[in-house]
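Heads up: the sequence lines are chains A and B, in that order. In terms of this note's numbering, the first sequence opens at residue 380 and continues consecutively. In terms of this note's numbering, the second sequence opens at residue 848 and continues consecutively. Backbone N, C-alpha and C fix where the C-beta goes; we use that ideal spot for every residue, glycine too. Just so it is clear, the structure is predicted and the values come from calculations on it, not from any experiment.
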Amino acid sequence: MTRLLKKLGAWGAVLPLLGYCAIALGFPVWAILWEGLHQTNPTTQQTTVTFANLTASWHGIYLTGLLTSLRLSLLSSVISAVVGLFAAYAISQSRGRYFKQAVLTASGVLANFGGIPLAFCFIATIGTGGVFLSWIQDVWPSFSLETFSGVALVYPYFLVPLMVLTTLPALDGLREQWKEASANLGGTSRQYWRHVGGPLLLPAALGGFVLCFGSAFAAYATAKALTSGTVPLVTTQIANILSGNVIAGEDNLGMALAFNTIIICGLMMAVYLPLRKRSAKWLES
Amino acid sequence: MTTISETESAAAVTTPARDRRGLGLRRVRWWRVVVLGVLAVYFLVPLASTFWFTVYTPGTHTFSLAPYGQMFSAQGFGTSVRMTVEIALVTIVILYLLLVPAMIAVQLRLPKLKPVLESLAMVPLVLSPVALVVGVQTVLGWGLDQDPGTPLFQLAADLQNQSFPLILPIVYVVIALPFAYRSLESGLRSVDLKTLVEASRGLGASWPVTIWRAVLPNLRSGLLSGAILTLALVFGEYTISSILQFLPFSVWIVQDGQGATSGQLAPAVSLLSLLLSWAVLFLVSFLGGRRAVGRPDRSS
């Protein structure tokens, strides 16, 4: 009886959070879905169910935007995941307590640092009239910050810290004893990584990559401030439609585009969660 | 450094197995320097050039730290900062009122729910703020479509009050969830919550007293860093507030703050807030005492 009461009390503490998320996340998502599937006729004011918005969001410039977004996220997240993994390993191996704390807290702040301020930083560095633009153009003559490659160069600034934050716990969880055990059995460093460390890290590393990808895909303000819309991305297109730069009667197209990004977010989570579960099994104890 | 390699080469003569490990270790050190060096350049150079940009005027070849002083007297600075601080405080309060009890309950009684909570805290990281704000705007629009005077219309109108838009903290709670969760989680890991609660309850303390006097003081480092991350997030958040057409600090600095000083003001402010939040976060991370620091941080 007391056990039941205790359980009930615990549920009472968890339910407000779940309820809040259901309302604050679920309501807007439902609204997007509902509006995306409906269209109001401007003359008769009649609302009908239609797939026209969704179909339109998969064609023409919107398809280009979606594909560019996917390409940009893939490129920047692959770079960030590889670099971030090596960085996290280098940090986890360091003995300096202050250094480690400094890097960890800096990662927390930088993973959050995006949007206009980040764009400012890079424009001041390698934008038009930036301090180091001539240096970059010496090795890469056609480089410009306002292009696809320019944006791909900026995104790792918040993705690498995110990767460090997500993989460092797993790297810290790799016990020194496992390495010693492998060495005592005659294993080389390569064999250790191939058969022990690698498989243990893989889920966490892939999970971090998925998070980087999702976060790059979701970014809006950074790309907008850098390119002012010259690189078509799905997020900037949504914002454009919202601010009224559309042909009349396409109001609900923005909903359909937003709906697409939610589907992709859902796919990301569907890949991430099983990976998370697998890495947790070994490394949390 | 020389002594280490000397002992290693001495050991190599006697045991070949040690030799291989020693080589591995030295190779690790070498690329560690390269990786960390390249990253240091990538992360520090943009900040340094931003600083250079804010203090140096190319036309007159003059240096001045004036933009760092000017921000406080700029038109609209006070209003937008006050509004943003209020929004941030409300966000932090709602966030912790929801998150702290839930995480303690899950840790103590409902460990099966932990994956649910953890994945919930991941969703906002991949959900595009633009998509979220489209949905929020639609929901608010539905409210305003009601007849004026009805409770739903009033609610939608109140949520969008220009001087204090309550809708912003409501959405920010969701956005800040991953970062607050992560900070609290690492705080919880460095405390033996079960023993703490059992001891307090065994001595006759009620639940609220236990939480307030025994649990929360032990979590203060995690709570503080979560609060600072949330504060930094609210100060930097642009997408949602600009699309909903409110004027907190981040939007003001882009719209109004630029005219005054040839664009040097805005980068100065963002640079300052970045460094400040990092410095405070760094100091706070040592607040947890020896236990929290001595253990490797295993927040996930």
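Interfacial residues, the segment 968-992 of chain B to chain A, with Cβ spacing under 9 Å: 969, 970, 971, 972, 973, 974, 975, 976, 977, 978, 979, 980, 981, 982, 983, 984, 985, 986, 988 and 989
What are the start and end residues of the beta strand (DSSP E) that includes residue 418(A)? Your numbering for residue 418(A) matches position 39 in the first sequence. Segment 417-419, the beta strand (DSSP E) holding residue 418(A).
Do residue 1121(B) and residue 510(A) come within 8 Å of each other at the CB atom, strictly closer than that value? For this step, residue 510(A) is matched to residue 131 along the first sequence. For this step, residue 1121(B) is matched to residue 274 along the second sequence. Contact: no.
Is the number of C-beta pairs between the segment 892-903 of chain B and the segment 510-527 of chain A that are closer than 8 Å three or more? yes
Which residue's Cα is closest to the Cα of residue 1034(B): 1068(B), 995(B) and 977(B)? Translated into positions along the second sequence, residue 1034(B) becomes position 187. Closest option to residue 1034(B), Cα to Cα, is 1068(B).
According to DSSP, simplified to helix, strand and coil, what is residue 526(A)? One-based indexing of the first sequence puts residue 526(A) at position 147. Coil.
Chain A contacts made by the segment 1028-1045 of chain B, where a contact means CB separation under 9 Å: 1029, 1030 and 1033
Residues that residue 594(A) contacts on chain D, provided the C-beta gap is smaller than 9 Å: This model lacks chain D altogether; the protein chains it does include are A and B.
Per DSSP, what are the beta-bridge partners of residue 903(B) in this structure? Mapped onto the second sequence, residue 903(B) falls at position 56. Residue 903(B) pairs with 910(B).
Are the CB atoms of residue 938(B) and residue 1025(B) nearer to each other than 8 Å? Within the second sequence, the letter at position 91 stands for residue 938(B). Within the second sequence, the letter at position 178 stands for residue 1025(B). No, the Cβ-Cβ distance between residue 938(B) and residue 1025(B) is not below 8 Å.
Measure from the alpha carbon of residue 472(A) to the alpha carbon of each residue in 386(A), 554(A) and 593(A), then state which is nearest. For the purposes of this step, residue 472(A) is taken as the residue at position 93 of the first sequence. Residue 554(A) is the option with its Cα nearest to residue 472(A).
Going by DSSP, what residue range makes up the alpha helix (DSSP H) through residue 1101(B)? Indexing the second sequence from 1 puts residue 1101(B) at position 254. Segment 1096-1102, the alpha helix (DSSP H) holding residue 1101(B).
What do you get for residue 1029(B), buried or exposed, if any count of 16 or more other CB atoms within 10 angstroms of its CB means buried? In the second sequence, the residue the question calls residue 1029(B) occupies position 182. So residue 1029(B) ends up on the buried side.
In the DSSP assignment, what residue or residues form a beta bridge with residue 426(A)? Position 47 of the first sequence, counted from the start, is the residue given in the question as residue 426(A). According to DSSP, which records beta bridges pairwise, residue 426(A) is partnered with 419(A).
If residue 640(A) and residue 978(B) are in contact, beta carbons under 8 Å, what's the gap, nearest whole angstrom? Residue 640(A) sits at position 261 when you count from the first residue of the first sequence. Residue 978(B) sits at position 131 when you count from the first residue of the second sequence. With a Cβ gap of about 5 Å, residue 640(A) and residue 978(B) count as contacting.
Is there a Cβ of chain B sitting closer than 8 Å to that of residue 441(A), yes or no? In the first sequence, residue 441(A) corresponds to position 62, counting from 1. Answer no: the Cβ-Cβ gap between residue 441(A) and chain B never drops below 8 Å.
Coil, strand or helix - residue 956(B) by DSSP: Start at 1 with the first residue of the second sequence, and residue 956(B) comes out as number 109. The answer is coil: DSSP assigns residue 956(B) none of H, G, I, E or B.
Quick check on DSSP: helix, strand or coil for residue 554(A)? Translated into positions along the first sequence, residue 554(A) becomes position 175. Coil.
Tell me, please, whether the segment 581-588 of chain A touches the segment 556-568 of chain A by the rule of three or more beta-carbon pairs shorter than 8 Å. no
Chain B partners of residue 444(A), CB-CB under 9 Å? Here residue 444(A) refers to the residue found at position 65 of the first sequence. Residues of chain B passing the Cβ test: none, with the nearest at roughly 12 Å.
Environment of residue 399(A) [buried if 16+ CB atoms lie within 10 Å]: The residue labelled residue 399(A) in the question sits at position 20 within the first sequence. Its Cβ being crowded by 16 or more others within 10 Å, residue 399(A) is buried.
6 Å Cβ shell around residue 914(B) - same chain, five flanking residues per side excluded: Position 67 of the second sequence, counted from the first residue, corresponds to residue 914(B). Contacts found: 901, 1108, 1111, 1112 and 1115.
Which residue's Cα is closest to the Cα of residue 460(A): 611(A), 642(A), 590(A) and 389(A)? Residue mapping note: residue 460(A) aligns to position 81 of the first sequence, counting from 1. Measuring from the Cα of residue 460(A), the nearest candidate turns out to be 590(A).
Beta-carbon spacing of residue 980(B), residue 1100(B) below 8 Å: As a first step, residue 980(B) is located in the second sequence; it is residue number 133 there, counting from the start. As a first step, residue 1100(B) is located in the second sequence; it is residue number 253 there, counting from the start. In this structure, residue 1100(B) does not lie closer than 8 Å to residue 980(B) by Cβ.
Going by other Cβ atoms of all chains shown within 10 Å of its Cβ, with 16 needed for buried, is residue 441(A) buried or exposed? Mapped onto the first sequence, residue 441(A) falls at position 62. Buried is the call here.
Sort 526(A), 592(A) and 445(A) by Cα distance to residue 636(A) and report the nearest one. Numbered from 1 along the first sequence, position 257 holds the residue referred to as residue 636(A). Minimum Cα distance to residue 636(A) is reached at 445(A).
What is the C-beta distance between residue 608(A) and residue 615(A), in whole angstroms, given that I count them as a contact (C-beta under 8 Å)? Here residue 608(A) corresponds to residue number 229 of the first sequence, with the count starting at 1. Here residue 615(A) corresponds to residue number 236 of the first sequence, with the count starting at 1. Confirmed, about 6 Å.
Which one of 1076(B), 970(B) and 1075(B) has the shortest CA to CA distance from residue 649(A)? If you number the first sequence from 1, residue 649(A) lands on position 270. Looking at the Cα atoms, 970(B) is the closest of the given residues.
Does the segment 877-884 of chain B touch the segment 462-480 of chain A, meaning 3 or more C-beta pairs lie closer than 8 Å? yes
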